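The next block holds one structure in the form of structure tokens; read it before the comments.
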Amino acid sequence: MADIILITGGTRSGKSDYAQLRAEQLSGPHCFIATCKAFDQEMIERIKKHQSKRDKYRWKTFEEPLELARLIRHNSAYTVYLIDCLTLWISNLMYDYDQIGIECTEDVIA
Numbered sequence: 370m371a372d373i374i375l376i377t378g379g380t381r382s383g384k385s386d387y388a389q390l391r392a393e394q395l396s397g398p399h400c401f402i403a404t405c406k407a408f409d410q411e412m413i414e415r416i417k418k419h420q421s422k423r424d425k426y427r428w429k430t431f432e433e434p435l436e437l438a439r440l441i442r443h444n445s446a447y448t449v450y451l452i453d454c455l456t457l458w459i460s461n462l463m464y465d466y467d468q469i470g471i472e473c474t475e476d477v478i479a
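Residue numbers for the sequence shown, in my numbering: 370 to 479.
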């Protein structure tokens with residue numbers, strides 16, 4: 370079974386940079402999954418900053434605010450998955466629950 374590494378910390382504490390550094394020490398194709406929604410100018414700038422730090426030839430980036438399980442299942446060729454960030458993903462699920470319904474929740478549980 371593959372190793373799973375969970376990196377936690379406060380807001381803007383360097384979690385993303387540290388996670389990327391750890392991930393880049395691993396071999397194989399790398400998948401970056403961004404769960405953040407660009408809802409204001411500050412978030413747009415933060416997203417651009419994070420994107421500029423990733424080598425586009427080494428990382429394939431997906432933007433998926435809700436359906437992480439489905440995205441990973443349909444992109445199983447990667448050996449490294451960096452999800453940034455689970456807190457935002459859970460917030461997205463809670464905020465959009467009425468719209469996405471039970472389908473997404475069942476997908477996560479599966």
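C-beta atoms are modelled at their ideal positions from N, C-alpha and C, and glycine is treated no differently. Note that this is a predicted model, so its numbers are computed, not measured.
Judging by CA-CA distance, which residue of the options is the nearest neighbour of residue i?
i: Gln389; options: Ala438, Lys429, Gln410 and Phe408; result: Lys429
i: Asp424; options: Ala392, Ser445, Asp467 and Gly379; result: Ala392
i: Trp458; options: Leu440, Lys422, Met412 and Cys405; result: Cys405
i: Cys454; options: Gly378, Asp372 and Ala371; result: Gly378
What does the Cβ neighbour count give for residue i, buried or exposed, with the cut at 16 atoms within 10 Å?
i: Ser385; result: buried
i: Leu435; result: buried
i: Leu375; result: exposed
i: Leu437; result: buried
Can you list the beta strand (DSSP E) stretches of 3 or more residues lying completely in the stretch 385-436, in chain order? If we require 3 residues or more, the beta strand (DSSP E) runs fully inside the stretch 385-436 come out as 399-403 and 428-432.
On the three-pair Cβ rule with 8 angstroms, is the stretch 400-419 touching the stretch 436-455? Flag = yes, the stretch 400-419 and the stretch 436-455 touch.
At 4 residues or longer, what runs of the alpha helix (DSSP H) sit wholly inside the stretch 440-469? If we require 4 residues or more, the alpha helix (DSSP H) runs fully inside the stretch 440-469 come out as 455-464.
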